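In the numbering used here, the protein residues as written are 2 to 235.
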Ligand SMILES: Nc1nc2c(c(=O)[nH]1)N[C@H]1C(S)=C(S)[C@@H](COP(=O)(O)O)O[C@H]1N2
Ligand SMILES: [Mo]
């Protein structure tokens, strides 16, 4: 994750084609991801309803979601189970069918990676974290949400922020099952914090009375991770 978004022109033809379109190509992880310079310039003029710039400071637009890696979990929905527990009166577990039986929402949102790329207008379907919290009957002592993923990856989000209507447990991306690289079959989605908070290959949601810094938060990255405040590192 510490890689810097940096153009590396290894494929001349792809570069020229992109350059003609007014864009620059970044070769990252062996694949090409287009930094949309024209789009970035336009994006910098956009303002959110609450006055924040739509594109957080020092971010650049990509045209599609870049797989950022991680230790993959089992993508098979048939073996999926999500454990919801911690500071709540009605902890529960759901399998994939059980997740689909909960109230579903589809949203369009922007996501922002700490390596300085952003993607506008990504589409996700899943269950709002707020609906999961209501079903679990949170205790007043719950103050943080800890997203737990395969192989011990975790991320921490203050409860108040996790209850925002755009925070969800997603099982579809762009109308399709989430691809394995992006966290199949189910991932967390926290659009207003840097993307590392959006745990892929999700296996658990724990409501905690105390903060528990997660995988990246204990490796030099910001505990809170607000892209508009550029909370990148701790
Ligand atoms: N389980 C798990 N989730 C994870 C990660 C990871 O390594 N493991 N990486 C995070 C980081 S650093 C980012 S930027 C996003 C990347 O999501 P993407 O690969 O779908 O773009 O996933 C986050 N979720
Ligand atoms: Mo990341």
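Glycine residues also receive a C-beta, built at the ideal position from the N, C-alpha and C atoms. The structure presented is a predicted model; accordingly, all values stated were derived computationally and were not measured.
Which same chain residues, not among the five before or five after residue i, have their C-beta less than 6 Å away from its C-beta?
i           : result
residue 109 : 122 and 124
residue 132 : 104
residue 206 : 85
residue 209 : 87, 145 and 147
Run through the DSSP bridge pairs and tell me what residue i is partnered with.
i           : result
residue 200 : Looking at the DSSP assignment, residue 200 forms no beta bridge with any residue, so it has no partner.
residue 84  : 94 and 205
residue 159 : 145
residue 127 : 106 and 171
residue 61  : 118
residue 177 : 174
residue 234 : 222
residue 139 : 89
residue 183 : DSSP output for residue 183 lists no bridge partner at all.
residue 54  : 48
residue 195 : DSSP, once it has assigned bridges, lists no residue as partnering residue 195.
residue 112 : 120
Give the straight-line distance between the Cα atoms of residue i and residue j, rounded to the nearest whole angstrom.
i           : j           : result
residue 99  : residue 82  : 9 Å
residue 183 : residue 201 : 6 Å
residue 226 : residue 232 : 5 Å
residue 166 : residue 39  : 31 Å
residue 153 : residue 199 : 14 Å
residue 96  : residue 171 : 14 Å
residue 155 : residue 80  : 20 Å
residue 150 : residue 51  : 32 Å
residue 211 : residue 115 : 25 Å
Excluding the 5 residues preceding and the 5 following residue i in the sequence, name in chain order all residues of the same chain whose CB lies nearer than 8 Å to its CB.
i           : result
residue 169 : 106, 108, 125, 127, 128, 129, 130, 189 and 190
residue 235 : 218, 221, 222, 223 and 224
residue 138 : 89, 90 and 91
residue 54  : 45, 47, 48 and 229
residue 162 : 168, 191, 193 and 194
Residue range of the beta strand (DSSP E) that residue i falls in?
i           : result
residue 1   : Outside the shown range of the chain (2 to 235) lies residue 1, about which nothing can therefore be said.
residue 189 : 188-190
Which stretch, first to last residue, makes up the alpha helix (DSSP H) that contains residue i?
i           : result
residue 173 : Per DSSP, residue 173 belongs to no alpha helix (DSSP H); it is in the beta strand (DSSP E), 169-174.
residue 39  : 38-44
Using a C-beta cutoff of 8 Å, does residue i count as contacting chain B?
i           : result
residue 202 : No chain B appears in this structure, which consists of one protein chain only.
Identify, in the order they occur along the chain, each residue of the same chain with its Cβ nearer than 7 Å to the Cβ of residue i, setting aside the five sequence neighbours on each side.
i          : result
residue 71 : 154 and 201
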